[in-house]
Structures are given as C-alpha cells and as structure tokens.
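One structure is given below, encoded as structure tokens.
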Amino acid sequence: WSDNTFKMLQRGELDLGLTGKDIDINDAKLTLQPPDDICELEIYRDYQMCIIRKNHPALKQPWNLEAYLALRHVQV
C-alpha cells in the first residue's frame, strides 16, 4: 500500500485493494481516510497481542502500554 494506491484505484489501474489497519499512525494515514468515491468494507477484525520472552530486558521495568510503545515492533 502506498500513497498512490487510492489514485490507482480511481484511475482503474487497480480493481481491488486489501490492507490492514496499522497501529503505526504514520502508516495508518495511508488508509484511514479513503476518498469519497472509494468504497471500503471491514472484512475481518483481529486483536493485537504482545509476545515477549521470559527475562527479556524490557521486563526490568513495569510492563504497561507506555513501556510497550517505547520499544521497536514487528507486525506479522
């Protein structure tokens, strides 16, 4: 998905676009506000989870949303 995807859909260069709603606001800006002439439909909703190994250095501080957001992430 890029900042050009909606334009490609509008020009007929793409028939369909599938994307996930991203937790990174900078990436989410690409998909949160589709143009008025683009129809969107949520087809599935999932929940985020965090997996961290026992004794990970991040666990030396209280584990909460602030601690989580301060770290780098991998989304799968």
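Here the sequence shown stands for residues 95 to 170, numbered as in the numbering used here. Built from N, CA and C at the ideal position, the CB exists for glycine as well.
Could you check where the alpha helix (DSSP H) with residue i kicks off and where it finishes?
| i | result |
| --- | --- |
| K101 | 99-105 |
| L163 | 159-163 |
Going by CA-CA distance only, name the one from the options that's closest to residue i.
| i | options | result |
| --- | --- | --- |
| V168 | I146, D131, E107, S96 | I146 |
| G114 | K148, Q142, L103 | Q142 |
| T137 | G111, N158, D97 | The identity of residue 137 in the sequence shown is Ile, whereas the question assumes Thr. Here the closest residue by C-alpha is G111. |
> Are there three or more Cβ pairs, one per stretch, closer than 8 Å when the region 125-134 is compared with the region 153-163?
Replying inline: no
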